[in-house]
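Trainee: Let me begin by handing over the structure; questions about it come next.
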Amino acid sequence: MGVRGWWHSRRANARIERIVDAVNSGRALVADATAYEASGTGQGVAGVLEVHDDHVHFKANSELTVPDGGRRTSRSRIAGVRDGDGPGELVITFHAPGPFRAVVVTPVMHGDKWRALAAG
Numbered sequence: 488m489g490v491r492g493w494w495h496s497r498r499a500n501a502r503i504e505r506i507v508d509a510v511n512s513g514r515a516l517v518a519d520a521t522a523y524e525a526s527g528t529g530q531g532v533a534g535v536l537e538v539h540d541d542h543v544h545f546k547a548n549s550e551l552t553v554p555d556g557g558r559r560t561s562r563s564r565i566a567g568v569r570d571g572d573g574p575g576e577l578v579i580t581f582h583a584p585g586p587f588r589a590v591v592v593t594p595v596m597h598g599d600k601w602r603a604l605a606a607g
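Below you can see the structure in the form of C-alpha cells.
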C-alpha cells in the first residue's frame, strides 16, 4: 500500500469517525434527501442533506464522491420544517433566494433536532 496510501487511509478513517461521532451525538444531522431546486423545475434531486453548525449542505448522489461538490446555504435561510407526505418524512423549506425551495428528508435519528431547525 505504501506510506502515502496508508496516510490517506488513516486521515479518511479519522475524518469518518469524527463525522460519525458528530451525527451520533446530534451535533451534526445527516439524512437521505430529495432537493427541489429554486428554479422551480419540479424535479427532485436525490442525495444527502447535512446540517452542521450554521451550514446546510446538499450533495446529489452523483456528487457524493466529489470533495467540494454540492450546494451550500446558511441555516438562517430555513423558513420552516413540517411533516411530509410519507412516513417519517420532513419537508424543510427555504427563504428565497437560495439554491433550493425545499428539501424532503427522511431522518433515521434525531427527528426532534430536524424539526427544530427553523427555530434557529
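Each residue of the sequence shown is one higher than the last, beginning at 488 in our numbering. Glycine included, every Cβ here is placed at the ideal spot set by N, Cα and C.
Considering only C-alpha positions, which residue in the set R498, H544, V510 and S563 is nearest to A520?
Mentor: Comparing Cα positions, the closest option is H544.
Trainee: With DSSP as the reference, identify every bridge partner of E537, one or two as the case may be.
Mentor: Looking at the DSSP assignment, E537 forms a beta bridge with V517 and H544.
Trainee: Within a Cβ cutoff of 7 Å, which residues of the same chain sit near K546, ignoring the five residues on either side of it in sequence?
Mentor: Contacts found: G534, V535, G556 and G557.
Trainee: According to DSSP, is D599 part of a helix, a strand, or is it coil?
Mentor: Correct three-state label for D599: helix.
Trainee: Looking at C-beta atoms only, is the number of pairs between the segment 579-599 and the segment 505-522 that lie closer than 8 Å three or more?
Mentor: Contact holds: three or more Cβ-Cβ distances are below 8 Å.
Trainee: To which residues of the same chain is R569 closer than 6 Å at the C-beta, ignoring the five residues directly before and after it?
Mentor: So the qualifying residues of the chain are V578.
Trainee: Indicate the three-state DSSP secondary structure (helix, strand or coil) for A583 in the structure shown.
Mentor: If DSSP states are grouped into helix, strand and coil, A583 belongs with coil.
Trainee: Restricting to Cα atoms, I'd like to know which of R562, A583, H582 and D572 is closest to W601.
Mentor: Minimum Cα distance to W601 is reached at R562.
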